[in-house]
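Student: Structure below; questions to follow.
Below is the structure:
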């Protein structure tokens, strides 16, 4: 099925003439050693030079409050009702029918029976912020955080909601916040991956690698996931005889050949990203071991993060690693749970306290530790999930359902907290209705949230864009996005 | 990881706003399909339409049926809400029953609809089942029959390969030209990598370069398609779809599937012998039913057919270790996900608990579909994976085994007898040394069991510790007579070695139906196996089958040897009228050739998936595929012979401006090799690749550092005691390396080997520093490049230039330029110098013994560096 094509333009005809049936070999000989590349780029004169990308630190266009960010992402939807958002009215009407409209994820198990918070709330810190007994350690940092009780996405399932909060819209294929920060600001360190994802030893988070995807941004801006157990990064040691100059010579040769190859394939961002990754790998050999090794931390620090206790060891270690990475100039670290382990459709009374115990102490320690080291002012800390939960119970299937009740999704009103990096401390923002169902005051959407983060990094909404062919991409694409000034220090 | 966000966004908007192609009554007044039906569907349909028995005889699914009404008479009087029964019942909250009532707004809308005369957007269908889904859903492209479109004629192009015509048609519209054909060296490497997962050898390169015939390219295509390595490459793609794994997937102790490799070999064989795709599917879904009776171990075809059904056992299955109903149910649910994604590109799993959120697949639909598989996976009695192995050892082998066994048993009995006799002689010898007065007492003492001995006897034995009973002596001959022990030991080993010569039992991991039961299938409320609801009969997914599904539902008595359901389903999938099977298949082939499918979401052809970039081309290929008898190699050939495939991969400013993601294919996509290809290519270019095909997998074990490496785990007293090297086995192709769900081979994992949970539609491709660290420091690459350097020096390559030339040809399929020759030469000189000056005493000793050692090492590092380059790692 030999094909022959006649292309319309004269220029093409000329070029094609070498491809007549007998001419292949001859033309091939001419094109054998990379000459083809030069030919074909000359074919249509570049309109624009291909853009190049790097991770060198870049000054933000506006003054920045935050230099780095640590996001503790709680996939599944932690129950704000039981942790952050006390409601007297809900407690009073525990067990009664709810009269308003409810959007259920699982209509089959829906009920309108209100369920009060499982836990008592207390005023914490000088500010008197109310937090539940499930998270006693977080109470200790009340004066350092802004608690947002009025999150709202209206994207009622996990995957789209995750996309919304991390990439700005509930669809696949977009770049994440971390990628955008790298694209705009580069990295303070050239010795460690600038964007690190720390996953749970029991498995990847829901959506896996899409959580740290560069989307349509160049590959160099993707996140790097490190191993969830020791050794966090493998292959850090060259064979003894290669150490030093011999490996440097190898790297120089690789760089040279790769540069030549890239020149033949301009515009392939993946090739450029891999060139950069060799330089980074070379430097990581020296830097990464130290950065990921928490053994040099003091006893008191290890104890504060709960590294010595079984229940908090994993999360404490990862929070501590996050601090160490940011200390060394990493721009963005995101810590994930496995799967969607906060998605308590059933047995919330047993499961939620467990989840809380695993993360409460380490999360609070992270803020305390950053503060005592003077890093909190420039490090934006985020704790939250992609949704919250409903004030009514979900009645699961199976035997004794009432002993295993849960709460269904709520994307209309949920809580998260932020600290440092220019956020106010000891402040509660926004409110939900009497049942912690809908955000009604000071509503913060995912657009608002991302715009506010960009603002703190000195990147006002609208200044962070990327042109891909005819398309202009941006992280915040909603006209209605607003910087939530009230929560800024 | 480039994904087409805008396309997706556009289609989401389309989904949410409805399709605008039809003439829709755009008046403000409410319309049934658009406004009223969704409310009724959510609140009322379950009792009044969807379930088998209509409550009160009332069906609310069509306006005319509502008008007709039920037992209480007409439900609506158009224009007169107050006179309409429907309105009265809703308004008073009498209906729906239960706690959920219509909101005020919903009531208002229904009232307005009645008042305005009960309008519909279009004529209602004759058959109410046809109204189960909206016309928007039913007219969705992927569910339409495949009709081969006419090959377009494009002005200015004279095109022979139809693929090029379809591609050209869209390029012209965007003002983009095709790219030129890639250079021959590039084409050969591209073809070899795509079709076999291995780079061309020096011989192949030379042959192609010197072949000036017009059909040189075509001959290469044919040679590669006939290579057994083709099956190893394309079989691997299918194994992704099937979710191939050699462990069950339990956390902690991941149970082995010691026989899974037989399915892997079946897949490779099927690709290599070009089994038509329709047969390939039928065998995997219903191989046991194709056997049509008791499988005969002597019949190789039966063996093959049973082996194929391991496809239905690939999903994670925790019931190897648990007896939980939830786990059993989950194993079936995961299997359905694999089957539906693999064959139809549908994510039916979403409908396990509730109607599918995006696609027109109801929960009931799901359970009808599941009913096809229920007889193979009844919950009671449940067959654990290890109980599903069927012994298909041929009689000749069994006879040989039996013969060997009887011989071994005979030798063993003889050995035992001689051992015990020898024990007696030991005892006699020992007793001779004992004073006569106590000799008899001792003999009596040892003759008794330990607990029957008197105190005196016990103390006598303590005083004469050499004297033991015959059993003890028999076991501890070593203590008394070392040389004789060695003789017995040697004999024992010989007997074990004899047993090892038995032909291995052929145990097949497969799916068969139980002879005693045809389970009754039912909707499981919220996917909960404890809560069976409406009983359902087997049927294919409605939207795909459109009511033409004919799945047998025989009684137990009629159903022997099996129900025939899976076979009927497999035949429907492949009867040439199914809207999805061929489209999904050709799209997957396209994806593996171009890096992206014509439909970007290869495992989701539903409403949430992406739309085809070239719908006509997709249908053309699908129709042609079926017409040509589902021949996969023909399809490959059609694709790789096209100019579209043979284009150069260089971006141009023009195409980047108009089509940066290359959706229109004005060039080839440049792609990083996948994990297996990287490893296999490295083995190929270093001439270490072990070409052995098939058989048991090469084991993977976790070493002390927590890294998964090739080797056999050694334990002592249940503790880690190192990893045994597996010799040349470690150089086999990656498809033959054990696939552990919990701890996959680290090298492959680093390069984005997919986690099989339960399977993988399309692979991700990351570019991160741990990959570069692997290239720089992993002992594997250091070792194989060392060995290549040794070969280069022992061979016929006289000088540096010849060696560098040889490396470039092997690795890149191209000669080095003079500049590259010089750079590499300089590198070698300097690196050798450095190594010569390395003062470590043990190294200096090596150098004094073999003066070439420094050069050798320098060459090894050059080879490693060249493998590290993008030129090696990417395929143009």
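Protein chains in written order, with the numbering used here: chain W, 257 to 745; chain D, 255 to 1130. C-beta atoms are modelled at their ideal positions from N, C-alpha and C, and glycine is treated no differently.
1. Residue 540/D to residue 377/D, Cα distance in whole Å?
2. Just to make sure I have the definition right: I need the residues of chain W whose C-beta is within less than 7 Å of the C-beta of residue 961/D. Which are they?
3. Beta-carbon separation of residue 448/D and residue 485/D under 8 Å?
4. Does the beta-carbon of residue 721/W have 16 or more other beta-carbons within 10 angstroms, so that it is buried, or is it exposed?
5. Do residue 426/W and residue 468/W have their beta-carbon atoms positioned less than 8 Å apart in this structure?
6. So for residue 447/W, helix, strand or coil by DSSP?
7. Counting only beta-carbon separations shorter than 8 Å, does residue 983/D have a partner in chain W?
8. Straight-line CA distance for residue 471/D to residue 462/D?
9. The beta strand (DSSP E) that contains residue 724/W, what's its start and end?
10. In chain D, what lies closer than 9 Å to residue 346/W by C-beta?
11. Under 6 Å Cβ to Cβ from residue 615/W, same chain only, skipping five residues before and after it: list those, please.
12. Leaving out five residues on either side along the sequence, give the residues of the same chain with a beta carbon under 6 Å from the beta carbon of residue 313/W.
13. Please list, in chain order, the chain D residues whose beta carbon lies closer than 7 Å to that of residue 386/W.
14. Is the Cβ-Cβ distance between residue 994/D and residue 501/D less than 8 Å?
15. Can you list the alpha helix (DSSP H) stretches of 4 or more residues lying completely in the segment 1022-1102 of chain D, in chain order?
16. Quick one: what's got a C-beta closer than 8 Å to residue 745/W's C-beta in the same chain, skipping five residues either side?
17. Select from the segment 523-539 of chain W all residues with a C-beta closer than 8 Å to any C-beta belonging to chain D, and list them in chain order.
18. What are the boundary residues of the alpha helix (DSSP H) that includes residue 799/D?
19. Does any CB atom of chain W fall closer than 8 Å to the CB of residue 1118/D?
20. Select from the segment 432-445 of chain W all residues with a C-beta closer than 8 Å to any C-beta belonging to chain D, and list them in chain order.
21. Nearest by alpha-carbon distance to residue 721/D: which of 698/D, 742/D, 418/D and 709/D is it?
22. Does residue 332/D come out as helix, strand or coil in the three-state DSSP assignment?
23. Quick one, which of 578/W, 329/W, 341/W and 609/W has its alpha-carbon nearest residue 694/W's?
24. Quick check on residue 398/D: buried or exposed, where buried means 16 or more other Cβ atoms within 10 Å of its Cβ?
25. For a contact defined as C-beta to C-beta under 8 Å, what are the partners of residue 1000/D on chain W?
26. Can you pull the DSSP bridge partners for residue 929/D?
27. Pick helix, strand or coil for residue 324/W, following the three-state DSSP scheme.
28. If you scan the segment 582-641 of chain W from start to end, which runs of the alpha helix (DSSP H) of 4 or more residues do you find wholly inside it?
29. Would you list the residues sitting across from residue 387/W in a DSSP beta bridge?
30. Can you tell me whether residue 292/D is buried or exposed? The criterion is at least 16 other CB atoms within 10 Å of its CB, across all chains shown.
31. So residue 1028/D contacts chain W; which residues on that side make the cut at Cβ distance below 8 Å?
32. Can you find a C-beta in chain W that's less than 8 Å from the C-beta of residue 1081/D?
33. Since residue 1106/D and residue 1082/D should fall inside the 8 Å C-beta cutoff, what is the C-beta to C-beta distance between them, to a whole number of angstroms?
34. Which residues in chain W have a C-beta closer than 8 Å to the C-beta of residue 448/D? List them in chain order.
35. Starting from residue 924/D, find everything on chain W with Cβ-Cβ shorter than 7 Å and list it in chain order.
36. Are the CB atoms of residue 527/W and residue 1123/D within a distance shorter than 8 Å?
Tutor: On the basis of the supplied data:
1. 41 Å
2. 490
3. no
4. exposed
5. no
6. coil
7. no
8. 8 Å
9. 721-724
10. The premise fails here: residue 346/W is roughly 18 Å from chain D at the closest Cβ pair, so nothing lies under 9 Å.
11. 571
12. 442 and 444
13. Under the 7 Å cutoff, chain D gives no residues; its nearest Cβ is about 31 Å from residue 386/W.
14. yes
15. 1023-1031, 1033-1048, 1054-1066 and 1072-1090
16. 321, 678, 679, 680 and 681
17. 523, 524, 526, 527, 529, 530, 531, 533, 534, 536, 537 and 538
18. 796-799
19. yes
20. none
21. 698/D
22. coil
23. 341/W
24. exposed
25. 490
26. Answer is none; residue 929/D lacks a bridge partner.
27. strand
28. 604-628
29. 378/W
30. exposed
31. 490 and 491
32. yes
33. Between residue 1082/D and residue 1106/D the Cβ distance is about 12 Å, and since that is not below 8 Å, they are no contact.
34. Result: empty, since nearest Cβ-Cβ is about 17 Å, beyond 8 Å.
35. 521 and 524
36. no
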